[in-house]
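In this note's numbering, the protein residues as written are 145 to 394. In this text, a Cβ means the ideal position worked out from N, Cα and C, and glycines have one as well. In this text, all values refer to a predicted model and were calculated from it rather than measured experimentally. Here the structure comes first, spelled out in structure tokens, and everything after it is commentary.
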Ligand code: IPE
Ligand code: IPE
Ligand code: MG
């Protein structure tokens with residue numbers, strides 16, 4: 145346990161799981177070896193979130209830009225997704241995890257899509273932790289697909305253009321039913337968003353670490369949560385205003 149009071153635990157954590165390739169290279173192994181090793185870190189993150197009472201965990205597994213990688217690496221990643229789905233879903237279901245894939249799933253081949261749909265359907269009623277896996281996801285794509293839904297509603301006469309506001313558009317964004325994104329973590333040393341959750345990260349706290357994803361264990365996540373819990377979230381107000389409205393937890 146972190147010892148962080150429940151009220152200070154992030155409700156929703158997102159992670160850019162970066163550094164698998166460098167982790168493998170340091171061991172003179174192919175990049176796919178690093179992706180494979182990253183599975184253990186995923187399990188540890190899920191277990192930590194369950195234990196700490198985090199409500200939602202969103203993992204960046206494959207970006208819309210990752211199709212540009214060498215074909216054999218993309219192929220290895222797709223195989224890894226299939227194997228992970230076949231092996232891990234039972235256990236996740238047993239933990240009470242609701243699994244969801246977010247992103248443009250139409251790009252994946254039929255057998256993989258079917259596996260994703262069936263895992264989502266099977267775990268749909270679970271409520272211990274919402275685990276969102278972002279695949280073929282891009283933050284800009286997400287804003288575009290939400291805008292397209294808004295435009296469709298306008299074209300059908302169901303909505304006036306001036307009725308489109310942040311709240312309304314937000315309802316069409318991926319993860320609309322998840323708690324607000326509190327903590328955005330990136331492993332692997334880079335300090336960029338790489339087109340992950342652009343809309344949802346508007347007021348997230350960022351945590352960057354040099355630790356490569358396969359080495360990111362429960363203690364690392366605990367460290368990130370503790371760091372988050374020490375921060376003051378001001379949302380445009382002054383520190384004094386925040387202090388005046390915050391109930392002190394001793
Ligand atoms: C992240 O690790 C995993 C995916 C993008 C699928 P990388 O493969 O980007 O690892 P590095 O950044 O090359 O070390
Ligand atoms: C972001 O990592 C995508 C995932 C972790 C799935 P990348 O390694 O692809 O990002 P860049 O290329 O360094 O921006
Ligand atoms: Mg990378």
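List the whole-angstrom C-beta distance separating residue 161 from residue 204, where the pair is believed to meet the contact cut-off of C-beta under 8 Å. Yes, residue 161 and residue 204 are in contact; Cβ-Cβ is about 6 Å, under 8 Å.
Less than 8 Å between the beta carbons of residue 200 and residue 237, yes or no? Taking 8 Å as the Cβ cut-off, residue 200 and residue 237 do not qualify as a contacting pair.
Hey, out of 318, 153 and 332, whose CA is closest to residue 194's CA? Selection 318, 153 and 332 evaluated against residue 194 yields 153 as nearest (Cα-Cα).
Would you identify the three-state DSSP class for residue 329, choosing helix, strand or coil? Strand.
For residue 366 and residue 146, which I take to be in contact (beta-carbon distance under 8 Å), what is that distance rounded to the nearest angstrom? Their Cβ separation, rounded to whole angstroms, is 5 Å, which keeps residue 366 and residue 146 in contact under 8 Å.
Would you say residue 345 and residue 325 are within 8 Å of each other, going by their C-beta atoms? Yes, they are a contact pair.
Spatial neighbours of residue 209 in its chain, beta-carbon cut-off 8 Å, leaving aside the 5 residues before and after: Excluding sequence neighbours, residue 209 sits near 282, 338 and 339.
For ligand 2, I want to know if residue 186 counts as a neighbour, meaning its beta carbon is within less than 7 Å of at least one of the ligand's heavy atoms. Residue 186: no, Cβ never under 7 Å from ligand 2.
Residue closest to residue 228, alpha-carbon to alpha-carbon, out of 355, 185 and 165: Checking every option, the nearest Cα to that of residue 228 belongs to 185.
Inter-residue Cα distance where the pair is residue 411 and residue 297: This structure does not reach residue 411, given that the chain is present from 145 up to 394, and the question cannot be answered.
Is residue 208 close to ligand 2? I mean its beta-carbon at under 7 Å from any heavy atom of the ligand. The answer is no for residue 208.
Say the cut is 7 Å; is the CB of residue 120 nearer than that to a heavy atom of ligand 1? Since the first residue of the chain shown is 145 and the last is 394, residue 120 is not available in this structure.
Roughly how many whole angstroms lie between the Cα atoms of residue 192 and residue 299? So the two alpha carbons sit approximately 45 Å from each other.
Which residues count as close to ligand 1 when the rule is a CB under 5 Å from any of its heavy atoms, in chain order? The answer, residue by residue, is 162, 163, 164, 165 and 166.
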